[in-house]
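Report on one structure; see the data block that follows.
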Amino acid sequence: GAGVSQSPSNKVTEKGKDVELRCDPISGHTALYWYRQRLGQGLEFLIYFQGNSAPDKSGLPSDRFSAERTGESVSTLTIQRTQQEDSAVYLCASSRRDTGKLFFGSGTQLSVL
Amino acid sequence: KQEVTQIPAALSVPEGENLVLNCSFTDSAIYNLQWFRQDPGKGLTSLLLIQSSQREQTSGRLNASLDKSSGRSTLYIAASQPGDSATYLCAVPPGTSGSRLTFGEGTQLTVNP
Chain W
4 GAGVSQSPSN
14 KVTEKGKDVE
24 LRCDPISGHT
34 ALYWYRQRLG
44 QGLEFLIYFQ
54 GNSAPDKSGL
64 PSDRFSAERT
74 GESVSTLTIQ
84 RTQQEDSAVY
94 LCASSRRDTG
104 KLFFGSGTQL
114 SVL
Chain V
100 KQEVTQIPAA
110 LSVPEGENLV
120 LNCSFTDSAI
130 YNLQWFRQDP
140 GKGLTSLLLI
150 QSSQREQTSG
160 RLNASLDKSS
170 GRSTLYIAAS
180 QPGDSATYLC
190 AVPPGTSGSR
200 LTFGEGTQLT
210 VNP
């Protein structure tokens, strides 16, 4: 596709359930980022992938959060045993290595009841 | 640790006014600086990217400047329009790495007709 695609656009889940969020980056973009944005707050870095290098996981808030990416393709962010404080918009972005210009998806609005 | 501050937090101006948004960062060893806009309920759209070797970038009515030595960037919007109403964010990576972009909290701009 022409842009970064995220799915689902909205997800409502019950506390304690696991959720999986998907990001399909722009073709040819080696870098992929996940950010979280709580209501009325700024962007919180979660994880960064660059090609086949080891990901920068330093922003993951707890061991309930994990993310995978195979090569330069789709990434999935998994949240286990969701809590109400996980409710937020989860944003994915990708970029080319040479320019570093980020392109964001529209995000997944996660609501944990 | 890189910290990014944006001033003002909110700004309301009449249509047609020229305005300046400010961004400051604590670690001047940056690779580039990006300005984004975010519309309510949507992802971020990249506006301008300034490489560390550049002093400014222009796109239409937007002009972004970068002064690494003082840790500052400004986004100048000429002849503002109601369609410019959005939240504007600046973001910087650490040093020469493209990882872990740090975002400011944003300036919420309202342009009144």
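From first to last, the protein sequence lines stand for chains W and V. Counting from 1 along the first sequence, just add 3 to a position and that's the residue number in our numbering. Counting from 1 along the second sequence, just add 99 to a position and that's the residue number in our numbering. C-beta: ideal position from N, C-alpha, C; glycine also. Keep in mind the model is a prediction, meaning the values are calculated, not measured.
Assign A177 (chain V) to one of two classes, buried (16 or more other C-beta atoms within 10 Å of its C-beta) or exposed (fewer than that). Your numbering for residue 177 (chain V) matches position 78 in the second sequence. Exposed, by the Cβ-count rule.
Determine contact between the region 92-102 of chain W and the region 23-30 of chain W, defined as no fewer than three beta-carbon pairs at a distance below 8 Å. yes
Inter-residue spacing [alpha-carbon to alpha-carbon] between P139 (chain V) and S184 (chain V): Along the second sequence, one-based indexing puts residue 139 (chain V) at 40. Along the second sequence, one-based indexing puts residue 184 (chain V) at 85. In a straight line, the C-alpha of P139 (chain V) is about 10 Å away from that of S184 (chain V).
May I ask you to list, following chain order, the residues of the region 138-168 of chain V that have a beta carbon less than 9 Å from some beta carbon of chain W? The region 138-168 of chain V vs chain W, Cβ under 9 Å: G140, K141, G142, L143, T144, S145, L148, Q150.
Does any CB atom of chain W fall closer than 8 Å to the CB of R199 (chain V)? On the second sequence, residue 199 (chain V) is found 100 positions in, with the first residue counted as 1. Chain W, which has a Cβ nearer than 8 Å to the Cβ of R199 (chain V), makes this yes.
Between the alpha carbons of D166 (chain V) and E155 (chain V), how many angstroms are there, rounded? For this step, residue 166 (chain V) is matched to residue 67 along the second sequence. For this step, residue 155 (chain V) is matched to residue 56 along the second sequence. The alpha-carbon atoms of D166 (chain V) and E155 (chain V) are separated by roughly 9 Å.
If you count every other CB in all the chains shown that lies within 10 Å of the CB of G203 (chain V), and 16 or more means buried, which is it? Position 104 of the second sequence, counting from 1, holds the residue named residue 203 (chain V). Buried.
Taking Cβ positions only, does E102 (chain V) come closer than 8 Å to chain W? For the purposes of this step, residue 102 (chain V) is taken as residue 3 along the second sequence, with counting starting at 1. Chain W contact via Cβ: absent.
How many angstroms separate the CA atom of S152 (chain V) from the CA atom of N117 (chain V)? Against the second sequence, residue 152 (chain V) aligns to sequence position 53. Against the second sequence, residue 117 (chain V) aligns to sequence position 18. C-alpha separation (whole angstroms): 27 Å.
Neighbouring residues, chain W, relative to P192 (chain V) (Cβ below 8 Å): Here residue 192 (chain V) refers to the residue found at position 93 when the second sequence is read from its first residue. What P192 (chain V) touches in chain W: G103.
Chain-ordered chain W contacts of F202 (chain V) [CB-CB under 7 Å]: Counting from one through the second sequence, the residue named residue 202 (chain V) turns up at place 103. At a beta-carbon threshold of 7 Å, the residues of chain W lying near F202 (chain V) are G45, L46, ordered along the chain.
Measure the Cβ-Cβ separation of A163 (chain V) and L147 (chain V) and say whether it is below 8 Å. If you number the second sequence from 1, residue 163 (chain V) lands on position 64. If you number the second sequence from 1, residue 147 (chain V) lands on position 48. In this structure, A163 (chain V) sits near L147 (chain V), with a CB-CB distance shorter than 8 Å.
Please report the straight-line C-alpha distance between V191 (chain V) and I129 (chain V), rounded to a whole angstrom. Here the question's residue 191 (chain V) lines up with position 92 in the second sequence. Here the question's residue 129 (chain V) lines up with position 30 in the second sequence. Near 7 Å, if we compare the C-alpha coordinates of I129 (chain V) and V191 (chain V).
Does DSSP classify Q137 (chain V) as helix, strand or coil? What you label residue 137 (chain V) is simply residue 38 of the second sequence in a count that begins at 1. Reduced to three states, the DSSP call for Q137 (chain V) is strand.
Applying a beta-carbon distance threshold of less than 7 Å, which residues of chain V neighbour S10 (chain W)? Residue 10 (chain W) sits at position 7 when you count from the first residue of the first sequence. By Cβ distance, chain V contributes nothing, its closest Cβ being about 13 Å from S10 (chain W), past 7 Å.
Option in W:S90, W:N13, W:L105 with minimal Cα separation from L42 (chain W): In the first sequence, counting from the first residue as 1, residue 42 (chain W) sits at position 39. Taking only the C-alpha atoms, the option nearest L42 (chain W) is W:S90.
Name the residues in the region 171-193 of chain V whose C-beta lies less than 8 Å from a C-beta of chain W; which are they? L188, A190, P192
If contacts are defined as beta-carbon pairs under 8 Å, then C189 (chain V) and L132 (chain V) qualify, I think. What distance do you get, rounded to the angstrom? Against the second sequence, residue 189 (chain V) aligns to sequence position 90. Against the second sequence, residue 132 (chain V) aligns to sequence position 33. Rounded, the Cβ-Cβ distance is 6 Å, consistent with contact.
Every unbroken beta strand (DSSP E) within the region 26-78 of chain W, with a cutoff of 3 residues, ordered by chain: Runs found: 34-40, 46-53, 68-72.
Taking DSSP's pairing of strands, which residues face P181 (chain V) in a bridge? Position 82 of the second sequence, counted from the start, is the residue given in the question as residue 181 (chain V). Residue pairing by DSSP places P181 (chain V) opposite no residue, since no beta bridge is assigned to it.
Is G170 (chain V) buried or exposed, if buried means 16 or more other CB atoms sit within 10 Å of its CB? Working through the second sequence from its first residue, we reach residue 170 (chain V) at position 71. With 16 or more other Cβ atoms within 10 Å, it is buried.
Other residues of its chain near R39 (chain W): CB distance less than 6 Å, five sequence neighbours each side excluded: As a position in the first sequence, residue 39 (chain W) is number 36, starting the count at 1. So the list reads E47, L49, A91, Y93, once near-sequence residues are dropped.
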